[in-house]
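Protein chains in written order, with our numbering: chain A, 651 to 994; chain B, 78 to 157.
See the structure below:
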C-alpha cells in the first residue's frame, strides 16, 4: 500500500477568522488515497460538514433556505449522493437535506458538483445558520407574510456570520407558528391588525366563530362584533372569514421574537417589536446580529437568549433595535426571554 | 327582505376539512353561475374555513344564519 504523503502543503492557522483564509486552496493528496482535487478550507470552516461515528465519514448538510428545493438542485443532489454518499439522504430538523457517509477526501469534488446546480453547503457551529420558513403567503392559505422571500433575503445577507454560539432564525407566515419561531434566536411571525367597519357589517357572527382566541364576541341582539384587542393574536382569521369584508387588514407585518432556543435548557423568546415591514425586519435582524456579536464579546459560548437574561442586556438590546428601526414599533416594558422549566 | 330560494342544499355539519371543502366544491360544480347553494356546517373551524375558502375564490356568501343548535346555515351565490 502506498502510504507516502505528498503534495500536502497546508499552512493554515485554524484560529483565523474565515475571511482571512478565504483565498487559501490546496491540492490535497493524503496517505496514498487518490488525489481528490482542491479542498477549500474557507468552505470547510464555514461548517456544514459534520463528523459521523464512522471512520472518515461526514454528513454534508446542504443549504435549503426556507426548506425550498428545486428539481434541478435535487437531481444534482441525487447524482452527488450516488457518487460520493451511500445512497442515503436525511432531512434535518431544520429543513436541510443532508448527504450521509461522505468520505472527507471527497469534499472537494462533491462541493464542485453541487455548485454546478447552485447548491451550496449549509453551516454548523457558532454562526448564523440557514433560516427556516414555512410556506408563507405564496401558497399557504394562512400565510400573511412572504416568509420564503424573507428566508432567501436573510440567507443572502447574513448566512455564515460568526457569532458566540449558534444563531437560528425562523419565519412563520402567521401566528400558528408552525416553524417554531418562538423558540428561535430570532423569530419573525406574520401578523395583521384587524380593523372593523360597522356600516357594511350584517351581524352574521362568522367572525366571532372564526376567532379562536375569544377576542371577538357577538352582540347578543345585533350580532355585531365586540373586539377585545388584548386577546387578539393578529392572525387575520376574522378578516379572511368576513363575508362582507367589514373586517380589513389595518396593518400587516412581522412580529419580532428574540432570544428563544431549544436544546438542553429551552428558552421561550420574547416579543420585541410588532408589525415590521420586510425592510424593517431585515434591519432589525442586522442590528440584532451586530448587537449579539458586540455584547457577547469575551463571553464565550452563549446563546442570544441567555445573554439577554443578564442584567441590563435587554435594555441595551432594545436601544440598538431603536437605533436601527426607530422606537415606534418596539414593545414597551419588555421582559427578557424566559427559561422553560422542564422536569428532568 | 324576502328569502332567497336555494337551488341546492347540502348538510355538511358532520364533516370537517378537507371533506367539508370538497363536498361544498362538488355541490357548487353542479350549479350554474348565479345559482344559490345552501349549506349547513358546524361553528368554529368548519365555518371559518368554508367562509375563507369561498371568499378567496370569488364566491359570494349572501346569507348567514346561526341555527339554534349552534350550526351555521350559509347561502352562497356561485361566482356572484
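Backbone N, C-alpha and C define an ideal beta-carbon position, used for all residues, glycine too.
Beta-bridge partners assigned by DSSP to residue 867 of chain A: A:876.
Taking residue 965 of chain A as reference, the option from A:895, A:810, A:982 with the minimal CA-CA separation is A:982.
For the pair residue 910 of chain A and residue 833 of chain A, the CB atoms are nearer than the 7 Å cut-off. At least one beta carbon of chain B lies nearer than 7 Å to the beta carbon of residue 855 of chain A.
Chain B has no Cβ within less than 7 Å of the Cβ of residue 849 of chain A. Rounded to the nearest whole angstrom, the CA to CA distance from residue 701 of chain A to residue 780 of chain A is 19 Å. Under DSSP, residue 844 of chain A shares a beta bridge with A:899. For residue 125 of chain B, the enclosing alpha helix (DSSP H) covers residues 122–133. Along the region 873–888 of chain A, going in chain order, the ones with a CB nearer than 7 Å to a CB of chain B are 887.
An exposed status is given to residue 704 of chain A, since fewer than 16 other beta-carbon atoms sit within 10 Å of its beta-carbon. Counting only unbroken stretches of 3 or more residues, the beta strand (DSSP E) elements lying wholly within the region 908–988 of chain A are 920–926, in sequence order. Taking a cut-off of 8 Å for Cβ pairs, the region 879–893 of chain A and the region 850–861 of chain A touch, as three or more such pairs fall below it. Segment contact: the region 866–882 of chain A against the region 842–856 of chain A, three or more CB-CB distances shorter than 8 Å; contact assigned. Taking the Cα of residue 80 of chain B as reference, the smallest distance to any Cα among B:105, B:87, B:113 is reached at B:113.
In the three-state scheme derived from DSSP, where H, G and I count as helix and E and B as strand, residue 93 of chain B is classed as coil. The three-state reading of DSSP puts residue 849 of chain A in coil, since its state is none of H, G, I, E or B.
Using beta-carbon distances, residue 896 of chain A does not count as an interface residue toward chain B, since no partner is under 7 Å. Think of a sphere of 9 Å around the beta carbon of residue 121 of chain B: the chain A residues whose beta carbon falls inside it are 859, 860, 862, in chain order. Of A:758, A:719, A:710, the smallest CA-CA separation from residue 740 of chain A is found for A:710.
DSSP lists B:117 as the bridge partner or partners of residue 88 of chain B. For residue 865 of chain A, none of the residues of chain B pass the 9 Å Cβ criterion, the least Cβ distance being about 14 Å.
From the beta-carbon of residue 124 of chain B, the residues of chain A found nearer than 9 Å are 856, 859, 860, 891.
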